[in-house]
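Number of protein chains: 2
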Amino acid sequence: MAMNKLPKLNLRDRAVLMKTPLISGLAPSVQARMLELAMPGTFAARGIIFREGTEAEHLYCILSGYVRLFRLGRDGREADIRICGPGDVFAECMLTMGPRHRYSAQAAENVTVARFDLQKMRMLVEREKEVARALMQVTANNLLSTMECVANDRLQTAPQRVAHYLLANCPPEGSEISIRLPFQKSLLAGKLGLAPEALSRAFSTLKPAGVTVRGRLIQIHDVSALKQI
Amino acid sequence: MAMNKLPKLNLRDRAVLMKTPLISGLAPSVQARMLELAMPGTFAARGIIFREGTEAEHLYCILSGYVRLFRLGRDGREADIRICGPGDVFAECMLTMGPRHRYSAQAAENVTVARFDLQKMRMLVEREKEVARALMQVTANNLLSTMECVANDRLQTAPQRVAHYLLANCPPEGSEISIRLPFQKSLLAGKLGLAPEALSRAFSTLKPAGVTVRGRLIQIHDVSALKQI
DNA sequence: CGAGTTCTTGAGCTAATTCAATTTGTGTGG
DNA sequence: CCACACAAATTGAATTAGCTCAAGAACTCG
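Going line by line, the protein sequences match chains A and B.
At position 177 of the first sequence the residue is numbered 177 (the UniProt record's numbering), and the sequence of numbers has no breaks.
At position 35 of the second sequence the residue is numbered 35 (the UniProt record's numbering), and the sequence of numbers has no breaks.
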């Protein structure tokens, strides 16, 4: 057994990683193998994690913070494809569809991740059915939510998208609810496929429906009214 | 070995299925197992294959024809999420993310498919790593193209989307090329997230760039000019 | 408290949708 | 094989949603 000089996750990060959908469902022995492979990564706000076109080396599981997956347009404009938060896995497609990234990833704020070397993961997937199953699950989940994103882009207006987001991220109880946005509004705008101004206007549109915005705090005075939008 | 009363694929369909990415990479013995499970399905033009909200029973691999995956809006409008053609697999997410379909599937024309019972597939995936790998590959592929779809929707105009589609579906040779659309224009419009009228106008816009349309036949007089759009 | 960033609001503009009418294409039966 | 009938595609006109640009307000953090 060769001595492993690679950097390891600290205890705190380990604990977070264990709670992750990628890992939590595995048998303890397999979890241990995954922890073996996990390398820590930290990125400052706005730090680039990888760029589209470059060769993929890792798959990532977020431990804290939010990450923006986006693509560059010919004219330099950027379009967000997906916003990932704690527990989310990204670049998992590079296991089979490499070698080059099809999109860029950027830390939207200070971010810590667990990185898994793709080569080693391929070997582990080959040996451990459970890991294959977990990855399949994660990928299928990502696919379904991306498909839903396409559908929402195509048949919802801006206020509808916002209402949909709020309803999807609020406790199902009660009629009066308040939500704290986990990230900046500009990031939410990107996630919903809107310019920041359009998000602002969408919130204004929802005000008559009982939505109050103050900073990151959003109050919904009547949940059922929002569902009608 | 119990006598199997299930309908089987005919020889022709078997041959087509074997060429499919889902099957072609497998070892012969595993291919045989897959063929065992494959049940034939035919759908008339406009026939509904399954509806969103219903319980998923199969995953599908298309043998001939095109299938429209779409979602219903609250107001009854429909938005296409993906257009699948021969060799494509759909509803594969239902292996792990069931039990209910998140979108509907409709035959855009006469269609033949191979259906695989989800229960049996789950067992086969458990036994045969190769099948798991093939499905992982298919799903990752679907995820990447769906992500690209989101990006294209968000940063390309209608003429750009059409140009992109044409360039992605033409032989890379020469500067003068003609393409035969494999399906109706209304379907292409849906695939690109456009109303049929918008597709028509996009083609008009491309006429100065050397694109001629007559029925399903499209002539591109200057490929490199199209790339500038 | 103050400086920088993020967010909001306004005005003008553009892309794409909707609705309606015409043309073209396709398939069927005489 | 042609004519007819239905479906699909195109074109025009009006409308709408969202974008861009620019300025002002609010929030955040040191």
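The beta-carbon is built from N, C-alpha and C at its ideal position, and this holds for glycine as well.
Cβ separation of residue i and residue j, assumed to be a contact under 8 angstroms, to the nearest whole Å
i	j	result
A:G47	A:A107	5 angstroms
A:T146	B:M147	6 angstroms
A:P40	A:T112	7 angstroms
B:L155	B:L226	Going by Cβ atoms, the distance from B:L155 to B:L226 rounds to 18 angstroms, so no, they are not a contact pair.
B:P182	B:G87	So it is not a contact: roughly 12 angstroms between Cβ atoms.
A:V150	B:C149	6 angstroms
A:P159	A:T205	4 angstroms
B:V16	B:L63	5 angstroms
A:V162	A:L187	Rounded, the Cβ-Cβ distance is 13 angstroms, inconsistent with contact.
A:A140	B:T139	6 angstroms
A:D153	B:D13	No, A:D153 and B:D13 are not in contact; Cβ-Cβ is about 36 angstroms, not under 8 angstroms.
C-beta neighbour in chain A for residue i, strict 8 angstroms
i	result
B:E55	no
B:Y103	yes
B:N141	yes
residue 245 of chain B	One cannot answer for residue 245 of chain B here, as it falls past the ends of chain B, which runs 1 to 229.
B:V67	no
B:C84	no
B:R71	yes
B:Q106	no
residue 238 of chain B	Summary: the structure shown does not reach residue 238 of chain B, with chain B confined to residues 1 through 229, and so no result is reported for it.
B:C170	no
B:I81	yes
B:M121	no
B:A189	no
B:M136	yes
Short Cβ contact (8 angstroms threshold) for residue i with residue j
i	j	result
A:I49	A:A105	yes
A:V125	A:F90	no
A:L118	B:L143	no
A:I229	A:A209	yes
B:E55	B:P99	yes
B:A38	B:L9	yes
B:K120	A:K129	no
A:I83	A:K191	yes
A:N110	A:A195	no
B:L95	B:I81	no
B:A134	B:L35	no
Cβ of residue i within 8 angstroms of any chain B Cβ
i	result
A:K129	yes
A:I48	no
A:L144	yes
A:C61	no
A:T96	yes
A:R77	yes
A:G193	yes
A:A132	yes
Check: residue i C-beta below 7 angstroms from any heavy atom of the ligand SAH
i	result
A:V113	Although the ligand SAH was asked about, the structure shown includes no ligands whatsoever.
Is the segment 27 to 34 of chain A touching the segment 70 to 78 of chain A in the sense that three or more CB pairs, one from each, lie closer than 8 angstroms?
no
Is there contact between the segment 201 to 219 of chain B and the segment 174 to 191 of chain B, where contact requires at least three CB pairs shorter than 8 angstroms?
yes
Segments assigned beta strand (DSSP E), at least 3 residues, entirely inside the segment 73 to 115 of chain A
78 to 84, 104 to 107
Mind listing, in chain order, the continuous alpha helix (DSSP H) runs of no fewer than 4 residues lying wholly within the segment 115 to 188 of chain B?
118 to 127, 129 to 155, 158 to 168
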